[in-house]
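Numbering-wise (the numbering used here), the sequence shown opens with residue 232 and increments by one.
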Amino acid sequence: MFCPKCKKFLQPPRTWIRAELESKELLTFCIKRLKNLSKVRLVNAEFVWTEPHSKRIKLKLNVQKEVLNGEKLEQAYIAEYVVTDADHMCESCSRVQANPNQWVAAVQLWQHFSHGRSFFYLEQLILKHDAHVRAIKIKQMDEGIDFFFSSQSHALKFLEFVRKVVPTKSCTDKQLVSHDTKSNDYNYKHTFSVEICPVCREDLVCLPPKVAVGLGNFGPLVLCAKVIAFIQAACGIYIVLDVESVSSEVNVGGSKYALADVQVACVSDFGNVYAYDFAAENWLGPIEGLDIDSFSDCGCVIHLGNGSMFVMWVENPFGNKELVFRDNKLMKMPAVSIFESLLVFDVSYNEIPSLNGVSKVSSTLKELYVSKNEVTKMEELDHLYNLHVLELGSN
Numbered sequence: 232m233f234c235p236k237c238k239k240f241l242q243p244p245r246t247w248i249r250a251e252l253e254s255k256e257l258l259t260f261c262i263k264r265l266k267n268l269s270k271v272r273l274v275n276a277e278f279v280w281t282e283p284h285s286k287r288i289k290l291k292l293n294v295q296k297e298v299l300n301g302e303k304l305e306q307a308y309i310a311e312y313v314v315t316d317a318d319h320m321c322e323s324c325s326r327v328q329a330n331p332n333q334w335v336a337a338v339q340l341w342q343h344f345s346h347g348r349s350f351f352y353l354e355q356l357i358l359k360h361d362a363h364v365r366a367i368k369i370k371q372m373d374e375g376i377d378f379f380f381s382s383q384s385h386a387l388k389f390l391e392f393v394r395k396v397v398p399t400k401s402c403t404d405k406q407l408v409s410h411d412t413k414s415n416d417y418n419y420k421h422t423f424s425v426e427i428c429p430v431c432r433e434d435l436v437c438l439p440p441k442v443a444v445g446l447g448n449f450g451p452l453v454l455c456a457k458v459i460a461f462i463q464a465a466c467g468i469y470i471v472l473d474v475e476s477v478s479s480e481v482n483v484g485g486s487k488y489a490l491a492d493v494q495v496a497c498v499s500d501f502g503n504v505y506a507y508d509f510a511a512e513n514w515l516g517p518i519e520g521l522d523i524d525s526f527s528d529c530g531c532v533i534h535l536g537n538g539s540m541f542v543m544w545v546e547n548p549f550g551n552k553e554l555v556f557r558d559n560k561l562m563k564m565p566a567v568s569i570f571e572s573l574l575v576f577d578v579s580y581n582e583i584p585s586l587n588g589v590s591k592v593s594s595t596l597k598e599l600y601v602s603k604n605e606v607t608k609m610e611e612l613d614h615l616y617n618l619h620v621l622e623l624g625s626n
């Protein structure tokens, strides 16, 4: 029997297997259907070409058998199969045919954010890898898309793909559909709600106090440099003019760190004698000259003339209600924070509130998942990172 909907063949009693015409899977399936094949030795088997619309499958088989005094007789014959598909469909296709809206498992993808850049990126990956081919229905919703599947295993496979390409946070639920008291069988509808991390590339992320402490007192403000299955935090380029060590070196995660005062100058400002204003939430006075005093925890690897990653901060950009850290004191932000390389931390998206298993910081690339509930709203932080540079004066 052949299901014309999903192109599967029935392997009795209830198993349906997918096999293309003249494939190894179909050849194996047809040979197993032959009777009395155990009495002879199969030497060779191959397909004989037939018209696709003829509903016929032909195999040419070469078999051997010992007949007398060790003598072997080899013979070739043609086995013909008739494909029947009239009024026969697999169980899942029959259910869909009766009610197209009937589904067993649903995956709800959400990103509660205005631009949804990560969501659009995920859509392209789904189309590229054909991860949605087993979905019986796709429905667009506000701030997301729902994928409906006829099997829970298909939904779990799709969910596994999503988790590999974007940082997510998910929860599951099930609803009882029917119950057979005699056989004690239960039929459920499963729902997987998947929330995509709202942090996108070049977003400023504010880590909550517990997360910052769990990462080795790093932060609390980091920049998102890349979003794939994890989030990479980084920052732009300054030239180091002077380095003065403040503390001795410490070994964290196999890497050396040291706190240092660093004097830097923006690369784009070299040869420019103008003064600049940096516009954020409020106007600040002009910064005289090109030198800026900063600090860095990479004092042991930063030297004169090196290029460094940087972030330009503004004093108290969030207000007293946004950043309250140790001893309930507002954390003082420097003019520039310097990072020598990309720093990515091992923080599970689902374990951010508890920080289980997170004890130290490593410069090795690891996974960082940031919860929406644990991050300051990006809309309130846009004015900090998207600084407008206005030129004051002229030739």
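We put the beta carbon where it would ideally sit given N, CA and C, even for glycine.
Based on Cα-Cα distance, which residue from Leu252, Lys296, His319 and Met320 lies nearest to asparagine 288?
The count along the sequence shown starts at 1 and reaches residue 288 at position 57. Reading off the sequence, residue 288 comes out as isoleucine, not asparagine. Isoleucine 288 has its Cα closest to that of Leu252, out of Leu252, Lys296, His319 and Met320.
Between the Cα of alanine 386 and those of Val335, Gly347 and His410, spot the shortest distance and give me the residue it belongs to.
Position 155 of the sequence shown holds residue 386. Ranking Val335, Gly347 and His410 by Cα distance to alanine 386 puts Val335 first.
Glycine 375 by DSSP, collapsed to three states: which one?
Locating residue 375 in the sequence shown gives position 144, counting from the first residue. Of the three classes helix, strand and coil, the one that applies to glycine 375 here is strand, per DSSP.
Nearest-angstrom Cα separation, counted from aspartate 434 out to threonine 595
The residue labelled residue 595 in the question sits at position 364 within the sequence shown. The residue labelled residue 434 in the question sits at position 203 within the sequence shown. In this prediction, threonine 595 scores a pLDDT of 24, lower than 50, which makes its location untrustworthy; the coordinate-derived value is nonetheless stated afterwards. Threonine 595 and aspartate 434 have their C-alpha atoms some 22 Å from each other.
Taking only runs of the alpha helix (DSSP H) that begin and end inside the segment 337-363, which ones reach a length of at least 4 residues, in chain order?
348-360
State buried or exposed for glutamine 630, treating a residue as buried only when at least 16 other CB atoms are found within 10 Å of its CB.
Residue coverage of the chain in this structure runs from 232 to 626, which leaves residue 630 outside it and unanswerable.
Rounded C-alpha distance that separates alanine 362 from glutamate 475
In the sequence shown, residue 362 corresponds to position 131, counting from 1. In the sequence shown, residue 475 corresponds to position 244, counting from 1. Each residue's Cα considered, the two are about 53 Å apart.
What residue from Ala250, Phe260 and Ser254 has the CA that sits closest to proline 243's CA?
Along the sequence shown, read from residue 1 onward, the residue named residue 243 stands at position 12. It is Phe260 whose Cα lies nearest to the Cα of proline 243.
CB of lysine 368 within 7 Å of CB of phenylalanine 379, strictly:
As a first step, residue 368 is located in the sequence shown; it is residue number 137 there, counting from the start. As a first step, residue 379 is located in the sequence shown; it is residue number 148 there, counting from the start. Against a cut-off of 7 Å, the Cβ pair of phenylalanine 379 and lysine 368 comes out as a contact.
Beta strand (DSSP E) containing serine 401: first to last residue?
Within the sequence shown, the letter at position 170 stands for residue 401. Counting along the chain, the beta strand (DSSP E) containing serine 401 begins and ends at 399-411.
Using CA coordinates, which residue listed in Lys263, Phe240, Leu340 and Lys291 is at the minimum distance from glutamate 391?
Position 160 of the sequence shown, counted from the first residue, corresponds to residue 391. For the residues Lys263, Phe240, Leu340 and Lys291, the minimum Cα distance to glutamate 391 belongs to Leu340.
Using the beta-carbon count (16 or more within 10 Å), is proline 283 buried or exposed?
As a first step, residue 283 must be located in the sequence shown, where it is residue number 52. Burial call: exposed.
Buried or exposed for serine 381, please, with buried defined as at least 16 other CB atoms from any protein chain shown within 10 angstroms of its CB.
Against the sequence shown, residue 381 aligns to sequence position 150. The residue is buried, with at least 16 neighbouring Cβ atoms inside 10 Å.
Closest Cα partner of asparagine 275 within the set Ser424, Val314 and Lys291
Stepping through the sequence shown from its first residue, residue 275 is reached at position 44. Considering only alpha carbons, the answer is Lys291.
What residue does the alpha helix (DSSP H) around isoleucine 262 start on, and which one ends it?
For the purposes of this step, residue 262 is identified with residue 31 of the sequence shown, where counting begins at 1. Isoleucine 262 -> alpha helix (DSSP H) spans 255-263.
Of the listed residues Lys263, Val393, Tyr308 and His410, nearest to tyrosine 419 (C-alpha basis)
For the purposes of this step, residue 419 is taken as residue 188 along the sequence shown, with counting starting at 1. The option with the nearest alpha carbon to tyrosine 419 is His410.
Which parts of the segment 258-323 are runs of the beta strand (DSSP E), unbroken and 3 residues or longer, counting only runs that do not cross its ends?
272-279, 287-299 and 302-313
Helix, strand or coil for lysine 475? Go by DSSP, reduced to three states.
Numbered from 1 along the sequence shown, position 244 holds the residue referred to as residue 475. Checking the displayed sequence, the identity of residue 475 turns out to be glutamate instead of lysine. Here glutamate 475 sits in strand by DSSP.
Out of curiosity, what's the CA-to-CA distance linking threonine 246 and glycine 301?
Sequence index remark: in the sequence shown, residue 246 carries index 15 (1-based). Sequence index remark: in the sequence shown, residue 301 carries index 70 (1-based). C-alpha separation (whole angstroms): 41 Å.
Could you pull out every residue in the same chain whose Cβ sits closer than 6 Å to the Cβ of methionine 232, ignoring the five residues on either side in sequence?
One-based indexing of the sequence shown puts residue 232 at position 1. Only Leu241, Thr315 and His319 meet the Cβ criterion.
Boundaries (first-last residue) of the beta strand (DSSP E) holding serine 424:
Residue 424 sits at position 193 when you count from the first residue of the sequence shown. For serine 424, the enclosing beta strand (DSSP E) covers residues 416-427.
Asparagine 293 and glutamate 311 look like a contact to me (Cβ under 8 Å); what is the Cβ gap, rounded to whole Å?
The residue labelled residue 293 in the question sits at position 62 within the sequence shown. The residue labelled residue 311 in the question sits at position 80 within the sequence shown. About 16 Å separates the Cβ atoms of asparagine 293 and glutamate 311, ruling out a contact at the 8 Å cut-off.
Mind checking whether valine 425 and cysteine 455 have CB atoms under 7 Å apart?
Position 194 of the sequence shown, counted from the start, is the residue given in the question as residue 425. Position 224 of the sequence shown, counted from the start, is the residue given in the question as residue 455. Their beta carbons are not under 7 Å apart, which means valine 425 does not touch cysteine 455 by this criterion.
Helix, strand or coil, according to DSSP, for lysine 388 in the structure here?
If you number the sequence shown from 1, residue 388 lands on position 157. DSSP places lysine 388 in helix when its eight states are reduced to three.
Whether cysteine 431 touches proline 398 by CB criterion (7 Å)
Residue numbering aside, residue 431 sits at position 200 when the sequence shown is read from its first letter. Residue numbering aside, residue 398 sits at position 167 when the sequence shown is read from its first letter. No, the pair does not count as a contact, with Cβ atoms beyond the cut-off.
Under 7 Å, do arginine 272 and glutamine 295 count as touching if we go by C-beta distance?
Reading the sequence shown from its first residue, position 41 is the one you call residue 272. Reading the sequence shown from its first residue, position 64 is the one you call residue 295. Contact: yes.
In terms of alpha-carbon separation, which member of Ile262, Ser414 and Ile376 lies closest to phenylalanine 423?
As a working mapping, residue 423 is identified with position 192 in the sequence shown. When each option's Cα is compared against that of phenylalanine 423, the closest is Ile376.
In whole angstroms, give me the CA-to-CA distance for isoleucine 459 and phenylalanine 350.
For the purposes of this step, residue 459 is identified with residue 228 of the sequence shown, where counting begins at 1. For the purposes of this step, residue 350 is identified with residue 119 of the sequence shown, where counting begins at 1. Distance between the alpha carbons of isoleucine 459 and phenylalanine 350: 12 Å.
Ordered along the chain, which non-local residues of its own chain (more than five positions away) have a Cβ less than 6 Å from that of threonine 281?
For the purposes of this step, residue 281 is taken as the residue at position 50 of the sequence shown. The answer, listed in chain order, is Arg287 and Lys289.
Out of Cys234, Glu297 and Glu374, point me to the one whose CA is closest to phenylalanine 344's CA.
Sequence index remark: in the sequence shown, residue 344 carries index 113 (1-based). The residue with the shortest Cα to Cα distance from phenylalanine 344 is Glu374.
Kindly indicate which residue of His346, Gly347 and Cys321 has the alpha-carbon position closest to the one of lysine 238.
Within the sequence shown, the letter at position 7 stands for residue 238. Of His346, Gly347 and Cys321, the residue nearest in Cα terms is Cys321.
Pick helix, strand or coil for valine 444, following the three-state DSSP scheme.
Along the sequence shown, read from residue 1 onward, the residue named residue 444 stands at position 213. Three-state DSSP puts valine 444 in a helix.
Quick one: give me the first and last residue of the beta strand (DSSP E) that cysteine 431 is part of.
Taking the first residue of the sequence shown as position 1, residue 431 is located at position 200. It is not in any beta strand (DSSP E) - cysteine 431 carries neither H nor E in the DSSP assignment.
Taking buried to mean at least 16 other C-beta atoms within 10 Å of its own C-beta, is lysine 395 buried or exposed?
Residue 395 sits at position 164 when you count from the first residue of the sequence shown. Counting Cβ neighbours within 10 Å, lysine 395 comes out exposed, since fewer than 16 surround it.
Kindly indicate which three-state DSSP category arginine 245 falls into: helix, strand or coil?
As a working mapping, residue 245 is identified with position 14 in the sequence shown. Arginine 245 falls in the coil class under three-state DSSP.
Any idea what DSSP makes of lysine 370, helix, strand or coil?
Stepping through the sequence shown from its first residue, residue 370 is reached at position 139. Strand.
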